[in-house]
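Numbering follows the UniProt record's numbering, in which position 200 of the sequence shown is assigned residue number 200; successive positions increment by one, without gaps.
What follows is a short report on a single structure.
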Amino acid sequence: MTSRELSNHMNTFRLIRPQRVKRNRPTVSCTACRARKQRCDRQQPCSGCQKRGIQESCCFESLPRPAKSTSAENSEGRVQSELRQMRSVLQSLLSQPGQDQSAESYKQLLESVGRIEQKIDQNPSQSLTKTPSTYHIPEIIFGPTEKVSVRDIPKALPSRQITDRMVSAYFNAKYVAVPFIHTHQFRRQYEEFWKDPTSSSFLWISILFSIMAVGAIISKSAVQESSLYINLSARYLVSGQYHKAAEFSVEALAMHLHARSFQKDNPDPDLDPSQLHAVTVRIAQQKFYHCDMNQFLQLVTPFEAEMRRRVWFFIQYHDVLTSLEYGLPPLIHGETSSGYHPTNATDDDFDEDSMVVSTRPTTEAQSMLPYVFMSRLLPILRRIICHTQGFEICSYSDAMSLKAQLDAWYGSIPPCLRIRSIKDSAFTDSNHIAMQRVLLELIYTTSITLLHRPFLDSMTYSGHEFQTALDVCRKNAVRSIGVYVEVDREMQKGGRLHDDQHIAANLPFSDFLMMTIVAPLEFFDCVDLPPVEGRPCASVHALESSRMLRVVLSNMCIRKSGPSRISNPHQYSNYIQSPEVIEDDDHVPVGSDRNVFGYEGVEVECGISSTEWDGTMEDSDLLIDYESFNEVFMNDACLDPIQY
C-alpha cells in the first residue's frame, strides 16, 4: 500500500477532545426543600430534613450533565468502537491483492487489537469506573446494618395497645428505668409520635425501641420480640447518623447500651459492649456533657442542664462497671470531668418549663436518691481501679487515704439507704429501694476489697500491712457473700422479691465471683493448726462460699433468659456470725450496732446453722470443679453481660 493510500486512514485513529460541557449554576437547596419552597442551609442533611426525620431523602441533585461514571463508560465505549474500526480496516487491507510484504505486519497488528479487546472484556466497566463515592462504607460499630427510611416506621411498630403495655412496664419497673429519660417529657414526645410517626427523629425512635426491648422482657408477654426491638434500635441509630452528635444521639446510644446489657441473650455476640460504651463516651464529650451547664444557663434551660447531668452520671457509672468487668482502665478521668452530681429530685419535681430544680431532703427514700450517692462514690472508685490495675502508683498511706474517703462516703449515707435485712424491711419500702440498699453495700465492700488486695502480693506474711489487708479482704468477702445469699433466698418462691424476678439484674455478677475467690483466704493462716482443730466457726464461711461457687458454675450454662439464681439447699439456716468475725471495725462506724453483714440491730439468717453442721468437713466439700470453672470463663456466652 502506498503512502497516499494510508493517508486516507490517518484521521481514523486520531483522538479528538470531547465537546466541553458548560458549567451551570449550582443548586442552592436540597430536593425536599426545593419541593416545599423552603430555605435550605445546604448542610448534609439540612436542618429542615432533620426536623422532619427524612435525613435519607436529603440530597442535592447534580446538574444535567453526564456523571463521572457515565463519562468513563462512554470513554470505554469509544475505545472499543475505535478498536473495531481498526480491525475492519486491517482486515480490508489484508484482503487486497499485492500485499505480500506487509501482510505479516498487518496480521501482527490484528492480533494486537484482538488481545486489547480481550483484556478490556476481562475487566468489566464496573470495576474500572467505580469512584470512591459509590462504595458502601459499612458501619464500624454495628457492622453491616440495613438502614431504614421513613416509610419503614409504621411497618416496624406493633399496635398502639401492645406498645403502650411495653412502655408502661418499663417505666413502672423503677429498678430498671434509667434516670435520664424524663417520664413526663417522654410522654409528650410519645403522644406526638403517634400523631405523625414520620415526623419524629430517627434517634428518638431508637430510644423508643430500646425501651420496648426492656419492657418486652419485664412484661413477659413478648420476650421473644426483645431481640427484634434491639435490632431495630440499632438500625435507627445508624440511619439517624448518631456519629454526627445530633440531638438525642448520646441518649439513644446510652439507652441502647442499657437495653443490650439487660438482655440475657446477646442478640449480636460480635458487638463488644465496651466498644459501644467508648463511642458513647466520646460523643458525650463532644457535646460537652462532662461540663457543668450551671455556668452556661444562658445556653440551656435548668431542665436540660439537669438531664445532661443524669446522662453523664449514667455514662460514668457504666464506665466503672466496664472497667471492673473487663479489667480495663477507665475512659473517664477525674481531671477531665467536672465534679458535679445529679440533683436529688424526682420527675414530678421539675419539668421542661421549670426555672429551678429544687432538691429534696435526703431523709426520704425515693428512686433518685441512690443515684446521687452513687455519683459521689464514682471519683473514689475510679482511683481505686487505677490503683488495683497498676496504672497509678499507690503506697499504703495513699490506700489508707482512699479508705478514709470511702468510710466518709459510707458514713454519709442516710438511714433510709442503710443496709438492712430485706425480709425485715418496712412494708412500705418498695423492692427497688431495698435492692438499692443492697447495691450500695456491695459496691462499698467490693471497693474495700479491691483497695487492699494489691497488698496481699507485695508485703511479707508477717508484716502489719499484709495482715490488715488479709483480714479486711476475707471479712468483706464473707460479708458480701452473706448479702448475695439473702437476696437469693428472697428471690425464691415465697420471698419478698419473688414477684420482681428481674430486679436481680442490678447486682454485678463479676463482683460475686471475685468475692467467692477471695473468701477462701479464711484458711490462709490455718496451715499450722492440727487437723482436729479446724476453726469450725471460721471455716463455715469458706465452706459456704465454695458451695455457692460450685452451684453457680453448674447452673450458669443452663440458664437461658431467667433471672440469676443461686440454689440454696439450706433455706432455713439461722447461722449467726461468730464474735471473732463480728469484731471487724475497719469499715463500721464507731458506736454502731452492726454485725458483719452491716445490718443494724438485725440478726441475719445466712450461711449454715450449727445444727446443720457438726464441725467437720470432708475434703470434697471444698473441692471446686475447675474444669467447669475454666469452661465458663472460656465461653463468653455463658456469662451474663454487665448489669447496673
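Glycine residues also receive a C-beta, built at the ideal position from the N, C-alpha and C atoms.
query: Close Cβ partners of Pro45 (< 7 Å) along its chain, the five nearest in sequence each way excluded; result: Gln55 and Cys58
query: Helix, strand or coil at Pro379 [DSSP, three-state]; result: helix
query: Three-way DSSP call (helix, strand, coil) for Phe202 in this model; result: helix
query: Coil, strand or helix - Leu450 by DSSP; result: helix
query: Pro414 - DSSP class collapsed to helix/strand/coil; result: coil
query: Beta-carbon proximity check, Ile230 vs Gln275, cutoff 9 Å; result: no
query: Euclidean distance between Cα positions of Glu82 and Gln108; result: 17 Å
query: DSSP state of Gly215 mapped onto helix, strand, coil; result: helix
query: Tyr626 - DSSP class collapsed to helix/strand/coil; result: Because the pLDDT of Tyr626 is 44, which lies under 50, any placement of that residue in the model is unreliable, and the number read from its coordinates should be weighed accordingly. Tyr626 falls in the helix class under three-state DSSP.
query: Per-residue burial, Thr388 [other beta carbons within 10 Å of its own, 16 or more giving buried]; result: buried
query: For Glu325, the three-state DSSP class (helix, strand or coil); result: helix
query: Helix, strand or coil at residue 676 [DSSP, three-state]; result: Residue 676 lies beyond the stretch modelled for the chain, which goes from 1 to 644, so this question has no answer here.
query: Inter-residue spacing [alpha-carbon to alpha-carbon] between Glu465 and Thr446; result: 19 Å
query: Environment of Met166 [buried if 16+ CB atoms lie within 10 Å]; result: buried
query: Check whether Val311 and Val223 have beta carbons under 9 Å apart; result: no
query: Integer-rounded CB distance, given that Val472 should sit under 8 Å from Leu378; result: Not confirmed; about 22 Å, so no contact.
query: CA-to-CA distance, Gly240 to residue 645, given in whole angstroms; result: The shown model of the chain, from 1 to 644, leaves out residue 645, and the question about it has no answer.
query: Same chain only: Cβ atoms within 7 Å of Pro154, ignoring 5 sequence neighbours per side; result: Pro197
query: Integer-rounded CB distance, given that Val279 should sit under 8 Å from Ile141; result: 6 Å
query: Distance CB(Ala469)-CB(Asp429) smaller than 9 Å; result: no
query: C-beta atoms of Ile422 and Glu490 nearer than 9 Å; result: yes
query: Local Cβ density within 10 Å of Val79, reported as buried at 16 or more and exposed below that; result: exposed
query: Ile205 versus Ser233: straight-line alpha-carbon distance, rounded; result: 7 Å
query: Buried versus exposed, by CB contacts within 10 Å (16 or more), Lys475; result: buried
query: Contact the segment 109-116 vs the segment 203-218: 3+ CB pairs below 8 Å; result: no
query: Cys416 versus Gly463: straight-line alpha-carbon distance, rounded; result: 39 Å
query: For Lys244 and Gly48, the rounded distance between their alpha carbons; result: 16 Å
query: Gln405 versus Asp349: straight-line alpha-carbon distance, rounded; result: 31 Å
query: Sequence-distant residues of its chain with Cβ nearer than 6 Å to Pro579 (five each side left out); result: Note that Pro579 scores a pLDDT of 33, beneath 50, so its modelled location is shaky; the value from the coordinates is reported in the next line. Result list for Pro579: empty, nothing under 6 Å.
query: Residue span of the alpha helix (DSSP H) that contains Tyr236, given as start and end; result: Ser226 to Ser239
query: Proximal residues to Asn294 (C-beta, below 8 Å), its chain only, five neighbours per side dropped; result: Ala305 and Tyr340
query: Spatial distance of Ala246 from Arg360 (CA atoms); result: 33 Å
query: Beta-carbon spacing of Val214, Phe314 below 9 Å; result: no
query: Local Cβ density within 10 Å of Gly482, reported as buried at 16 or more and exposed below that; result: buried
query: CA-to-CA distance, Ser105 to Ser88, given in whole angstroms; result: 15 Å
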